[in-house]
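As they're listed, the protein sequences go chains A and B.
So that you can map any letter, position 432 of the first sequence is 431 in numbering that gives the first Met the number 0, and since no number is skipped, the others follow by simple counting.
So that you can map any letter, position 160 of the second sequence is 159 in numbering that gives the first Met the number 0, and since no number is skipped, the others follow by simple counting.
Quick reminder that beta carbons are idealized off the backbone N, C-alpha and C, glycines included.
Note that the structure is predicted; figures quoted are calculated from it, not measured.
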Amino acid sequence: MLHYFDAAIIGGGVVGSAIARELSRYELSIAVIEENPDVVCEASGRNSAVVHGGFAYDTGSLKARLCVEGNRMMDTLSSELGFRFIRCGKVLVGNTDEDLKQLERTMAQGKANGATGLELIDSAKLHELVPAVNGSFAMFSRNSGIMDPFLFTINLAENAVMNGARYFLSHKVISIARKDGRYVVHTEADDFSVKWIFNASGKGAKAISDMLGITGYRIIGSKGNYLVLDKRLGPLLPMPVYPVPSNTYMGIHVTPTVDGNVTVGPDAVNTDDFSYYGVPADKMEYLRESASTLWPHIDKKDVIRTFSGILSKWVDENGVIQDFKIEVRPDLAPCAVNLIGIESPGLTAAVPIARYAISLMAEYTSLKEKKDFNPVHESAKRFAEMDTAEREKAIKADCRYGSLVCSCEKVTEAEIIRAIHNPLGVHTMTGIKYRTRAMMGGCQSGFCQMKIEKLIEKELGIRPEDVRYLRTSSWVLSGKMREG
Amino acid sequence: MFEKKDVVIIGGGPAGLSAATALYRLGVKDIVILERESKLGGILRQCIHDGFGLQRFGKSLSGPEYAQVFIDEVIENHIEYHTDATVVTLAPDRRIEAVTPEGVLSYSARAVVLAMGCKERSRGSIMIPGERPSGVFTAGSAQAYMNIYNRMPGRNVVILGSGDIGLIMARRLTLEGAHVAAVFEIQDHPNGLERNIVQCLNDYDIPLYLKHTVTDIHGNSRLEGVTVSEVDDSCVPIEGTGKIYPCDTLILSVGLRPDNGLLKDAGIEIDPRTNGAIVNEHLMTSIPGIFSSGNVLHVHDLVDFVSLESEALAESVSRFISGTLSHDRDISVKCGSGIGHTVPQRVSSGDGFSLSLRVSSVMNDVVIKVRQGERDILQRKMRKANPAEMIRLDINSGTVLPSEDLEVLVE
């Protein structure tokens, strides 16, 4: 089937969804074409979930500018879109004279970049902020924070849908042709005829760029592994603790999550396999050892899960990491905004990146604002966060609020069912997980996954063998044992 | 409004049911059982194999049959219970809130019985390296899919861990037409009961490889295979021994842990050896009036012992309510050489009690001793002691003196 749209965004991760949401402010028909069955399957759902201050990037770079903007905007975005963001601050801790010099350089760079709330603190202040940390002094970045990367991305996408954008999930792009002043995007499922293309495909950005005719970019993957620790540890870590950064790498850090877990990581290993997310045994041990020099509470028995993510970095011919590239190349690919090398701080900067990309489009075509754009994503309060009176009221209104499906994270049947019928049409088990936190607790789905699987079958009217876990062919069950 | 109750029992599995029925027999009738699932019976509901009840009833029952004995007694005696009732709050002053489809139930209890059972260790908790495809199940989850939900987890199966549920699932999956390639156990001895090795593996020609573990998981969507390696004497994988087993399903039977989330909320002291509450010989936790038994206290090998322990608990609770529970000393029970854990961990009176323990490794021709100072209170000779099997020693009333700590050790 061939669909006609004004604009197609290739890639529905945090940047693609931010573009969709920001573009839906205008009178345009918008398609988001995503290869996976959900929008948080790659880097957008596989990162440290830190909102960066903007001090770590070269002054004058897009990374620095858009990160500082993104940081400033995060409170507004959080309240509009209803994802959790905590401006908890973060510390970069050092011990040696060299560390101190590097931190002073970092701070000067941060100030030049427009990052505010940076100060060098002594051991006493450091230990007041983070009691158990190992370190003699630190740079404290008051405005850094942590967020829920899943709901940031998902709610951007859902807000775009509310404002008229359409998502085409499980649509892998195969080729792009230019014909009669339009692009035809050919995917494994449907085809799209569009005026404008945004290449926001992250790890696939080079391939899409090549299809558009903008060739020659060199992208390397930088893979980072993480450990996730039990919620027992969250209260012991008030803010992320980082080592002193090098020019290109933030280092292995310990980070509280907005839900009270702690993540440890990432290491950074170059890779050209962008689909292998396996976490090797030696890396797990390395992460634990390395991060233990910063913070003493990391114990194997508290590990509940591991994961990894891959950053797609644009490098020059010498392998030196470059800035974000956001461009329109009228000579090679008119009416296409090409985004290359969107790595960290892509999460923090997603909305400024989107606005910048749209501003490039606006140089070529006039954009008319919609009168009825609604920036607010209404999110119901989580049952886990309600007090007793609110719970009583919720159960009275809908008795399914009284059925706890995931008791670790206190997620109710009402919330699971609402997540199954999400506006993007995501139907995977992990789709429910990222939207509700069911299956993310201490038992790691041991007690609740069958109930969730059953609800997916029932609500969608599908067979057990058709339920998927994360990706298109990740079947969960081989079928019924007996008919009936 | 908090409804007053003599006893609130959290959990309607074997521990909670045994405690409730025993309390009723002792005349404590103002009680309520709160069960989060839609039926009473706990994990026994999905254990459709037999072998339950040999100790408690002298005959072999299936899990649901074993549970039904107690459920019938609950119903006959009109003991109050709520299913679909998940406890979300347990306060140290014994106030409890449970969420149900009819609303929030709030209680203020004179005594609370923690009987929430255990949970399985997951892939993450044992840090198996590799990718994260679908098709990796804990044994209990696979059992629930099959026996409660009529769903088949997969067709080509590898099992890691020789815990009892893993062994039971090897047979169950085979009977349902799946191919079980092998069971791998990292330790040098099986982790499940001998009878389950014979009846679930040997009878079906399923090989058991000791000192082997899964060192990599392959597949970006559905599981495609696992790499299995030999391990050395310290359970570290030996490089170069890895072999790939193609499979679409990996079942993990790698241990159980008390489901102790509520204990943490209430601030109850937890024993890092058992992951359950620290209790005295009356099975009372560090918070007066809150008691615990069954798998949330320490993981048992047989449900029969869960019932026996919960019936002993009922006696203590009944005495607590009538104000006749004695507390005239505070002695610790220490784990000496060769002992993995003990329950109780404290002794507060001269009352007789049952001391449960597990040894820390497989041992032959040993003597287990309970010692107070220079004095041996009790000795038991054992030809074979296996961590997979719980050992129970009866300490008679009056034998523990109100002085020094107890030590349990293997010689």
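Relative to the C-alpha of Ala138(B), which residue among Leu174(B), Ile185(B), Tyr65(B), Cys46(B) is closest? To locate residue 138(B), count along the second sequence from 1; it is residue 139. Minimum Cα distance to Ala138(B) is reached at Cys46(B).
Just the C-alpha distance for Asp298(A) and Arg287(A), rounded to the nearest angstrom, thanks. Within the first sequence, numbered from 1, the residue matching residue 298(A) stands at position 299. Within the first sequence, numbered from 1, the residue matching residue 287(A) stands at position 288. Asp298(A) and Arg287(A): Cα-Cα distance of roughly 8 Å.
Got a sec? Which residues, its chain only, sit under 6 Å from Val336(A) by beta carbon, not counting five neighbours each side? The count along the first sequence starts at 1 and reaches residue 336(A) at position 337. Only Phe197, Val327, Ala356, Leu359, Met360 meet the Cβ criterion.
Less than 8 Å between the C-beta atoms of Pro418(B) and Gly293(B), yes or no? Nothing in the structure corresponds to residue 418(B), since chain B is present only between 0 and 410.
Nearest to Ser200(A) (by Cα), restricted to the options Lys370(A), Ala42(A), Pro463(A), His426(A): For the purposes of this step, residue 200(A) is taken as the residue at position 201 of the first sequence. When each option's Cα is compared against that of Ser200(A), the closest is Ala42(A).
Beta-carbon spacing of Thr248(B), Pro132(B) below 8 Å: Against the second sequence, residue 248(B) aligns to sequence position 249. Against the second sequence, residue 132(B) aligns to sequence position 133. Cβ atoms of Thr248(B) and Pro132(B): not closer than 8 Å.
According to DSSP, is Lys383(B) part of a helix, a strand, or is it coil? Start at 1 with the first residue of the second sequence, and residue 383(B) comes out as number 384. Strand, per DSSP.
Residue from Glu368(A), Ala413(A), Val257(A), Gly203(A) with nearest C-alpha to Val227(A): In the first sequence, residue 227(A) corresponds to position 228, counting from 1. Of the candidates Glu368(A), Ala413(A), Val257(A), Gly203(A), the one whose C-alpha sits nearest the C-alpha of Val227(A) is Val257(A).
Run through chain B and tell me which residues come within less than 7 Å of Ile320(A), C-beta to C-beta. The residue you call residue 320(A) lines up with position 321 of the first sequence. By Cβ distance, chain B contributes nothing, its closest Cβ being about 27 Å from Ile320(A), past 7 Å.
Quick one: does Arg304(A) have its CB under 8 Å from some CB of chain B? As a working note, residue 304(A) is residue 305 in the first sequence. So yes, Arg304(A) belongs to the interface.
Could you work out which residues of chain B lie near Pro279(A), taking near to mean beta carbons separated by less than 7 Å? Translated into the one-based positions of the first sequence, residue 279(A) becomes position 280. Residues of chain B passing the Cβ test: Pro128.
Against Glu391(A), what residues of chain B qualify as contacts under a CB-to-CB distance less than 8 Å, listed in chain order? Against the first sequence, residue 391(A) aligns to sequence position 392. Chain B residues near Glu391(A): Gly102, Val103.
Leu307(B) and Val278(B) closer than 8 Å at C-beta: In the second sequence, counting from the first residue as 1, residue 307(B) sits at position 308. In the second sequence, counting from the first residue as 1, residue 278(B) sits at position 279. Their beta carbons are not under 8 Å apart, which means Leu307(B) does not touch Val278(B) by this criterion.
Host beta strand (DSSP E) of Glu184(B) (start-end): For the purposes of this step, residue 184(B) is identified with residue 185 of the second sequence, where counting begins at 1. Taken as a continuous stretch (DSSP letters only), the beta strand (DSSP E) holding Glu184(B) covers 178 to 184.
Please determine whether the Cβ atom of Ile320(B) lies at a distance below 7 Å from any heavy atom of the ligand MG. As presented, the structure is devoid of all ligands, the ligand MG included, so that no description of it is given.
Would the beta-carbon of Phe167(A) fall within 8 Å of that of Gly44(A)? In the first sequence, the residue the question calls residue 167(A) occupies position 168. In the first sequence, the residue the question calls residue 44(A) occupies position 45. No; because the gap between Cβ atoms is not below 8 Å, this pair is not in contact.
Runs of beta strand (DSSP E) lying entirely within the region 73 to 117 of chain A, each at least 3 residues, in chain order: 89 to 93
Between the alpha carbons of Val302(B) and Phe51(B), how many angstroms are there, rounded? As a working mapping, residue 302(B) is identified with position 303 in the second sequence. As a working mapping, residue 51(B) is identified with position 52 in the second sequence. Answer to the nearest angstrom: the Cα atoms are 7 Å apart.
Enumerate, from N- to C-terminal direction, the unbroken alpha helix (DSSP H) stretches of 4 or more residues contained entirely within the region 407 to 483 of chain A. 412 to 419, 428 to 435, 448 to 459
Whole-angstrom distance between Ile32(A) and Gly180(A), CA atom to CA atom: In the first sequence, residue 180(A) corresponds to position 181, counting from 1. In the first sequence, residue 32(A) corresponds to position 33, counting from 1. Cα-Cα distance, rounded: 20 Å.
Return the chain-ordered list of same chain residues with a C-beta closer than 6 Å to the C-beta of Arg470(A), the five sequence neighbours on each side being excluded. Here residue 470(A) refers to the residue found at position 471 when the first sequence is read from its first residue. Around Arg470(A): no qualifying Cβ.
Is Glu157(A) near Leu423(A), with beta carbons less than 8 Å apart? Reading the first sequence from its first residue, position 158 is the one you call residue 157(A). Reading the first sequence from its first residue, position 424 is the one you call residue 423(A). Yes, Cβ-Cβ distance for Glu157(A) and Leu423(A) is below 8 Å.
When you compare the CB of Ala90(B) with every CB in chain A, is at least one pair closer than 8 Å? Residue 90(B) sits at position 91 when you count from the first residue of the second sequence. No, no contact with chain A.
Gln371(B): first and last residue of the uninterrupted beta strand (DSSP E) it sits in: Position 372 of the second sequence holds residue 371(B). Per DSSP, Gln371(B) belongs to the beta strand (DSSP E) from 362 to 371.
Starting from Lys392(A), follow the alpha helix (DSSP H) in both directions and report where the run begins and ends. What you label residue 392(A) is simply residue 393 of the first sequence in a count that begins at 1. Counting along the chain, the alpha helix (DSSP H) containing Lys392(A) begins and ends at 387 to 396.
Distance cutoff 8 Å, beta carbons only. Does Val157(B) sit that close to anything in chain A? Numbered from 1 along the second sequence, position 158 holds the residue referred to as residue 157(B). By this cut-off, Val157(B) is not an interface position.
Is DSSP giving Gln321(A) helix, strand or coil here? Translated into the one-based positions of the first sequence, residue 321(A) becomes position 322. Reduced to three states, the DSSP call for Gln321(A) is coil.
Step through the CB atoms of chain B and report whether any lies within less than 8 Å of the CB of Val39(A). Taking the first residue of the first sequence as 1, we reach residue 39(A) at position 40. So no, Val39(A) is outside the interface.
Rounded straight-line distance, which links the Cα of Ser315(B) to that of Ala90(B): In the second sequence, the residue the question calls residue 90(B) occupies position 91. In the second sequence, the residue the question calls residue 315(B) occupies position 316. Answer to the nearest angstrom: the Cα atoms are 21 Å apart.
Report yes or no: is there a C-beta of chain A within less than 8 Å of the C-beta of Arg144(B)? Residue 144(B) sits at position 145 when you count from the first residue of the second sequence. Residue identity differs from the one stated: residue 144(B) is Tyr in this sequence, not Arg. Interface residue, yes.
Using only the alpha-carbon positions, how far apart do Ser309(B) and Ser221(A) sit? In the second sequence, counting from the first residue as 1, residue 309(B) sits at position 310. In the first sequence, counting from the first residue as 1, residue 221(A) sits at position 222. Taking the straight line from one Cα to the other gives about 54 Å.
Taking only the alpha-carbon atoms, compute the straight-line gap between Glu412(A) and Ile461(A) and give it to the nearest angstrom. Taking the first sequence and counting its residues from 1, one reaches residue 412(A) at position 413. Taking the first sequence and counting its residues from 1, one reaches residue 461(A) at position 462. Their backbone Cα atoms lie some 18 Å apart in a straight line.
List, in chain order, every chain A residue whose beta-carbon is nearer than 7 Å to that of Val87(B). Against the second sequence, residue 87(B) aligns to sequence position 88. Here the neighbours are Lys409.
Assuming Asp163(B) and Leu209(B) form a contact by the criterion Cβ under 8 Å, report the distance between their Cβ atoms to the nearest whole angstrom. By 1-based counting over the second sequence, the position of residue 163(B) is 164. By 1-based counting over the second sequence, the position of residue 209(B) is 210. No, Asp163(B) and Leu209(B) are not in contact; Cβ-Cβ is about 16 Å, not under 8 Å.
What separation, rounded to the nearest whole angstrom, lies between the Cα atoms of Asp147(A) and Met73(A)? For this step, residue 147(A) is matched to residue 148 along the first sequence. For this step, residue 73(A) is matched to residue 74 along the first sequence. For Asp147(A) and Met73(A), the distance between alpha carbons rounds to 12 Å.
Would you tell me roughly how many angstroms separate the C-alpha atoms of Glu452(A) and Leu261(B), rounded to the nearest one? The count along the first sequence starts at 1 and reaches residue 452(A) at position 453. The count along the second sequence starts at 1 and reaches residue 261(B) at position 262. Cα to Cα, Glu452(A) sits roughly 26 Å from Leu261(B).
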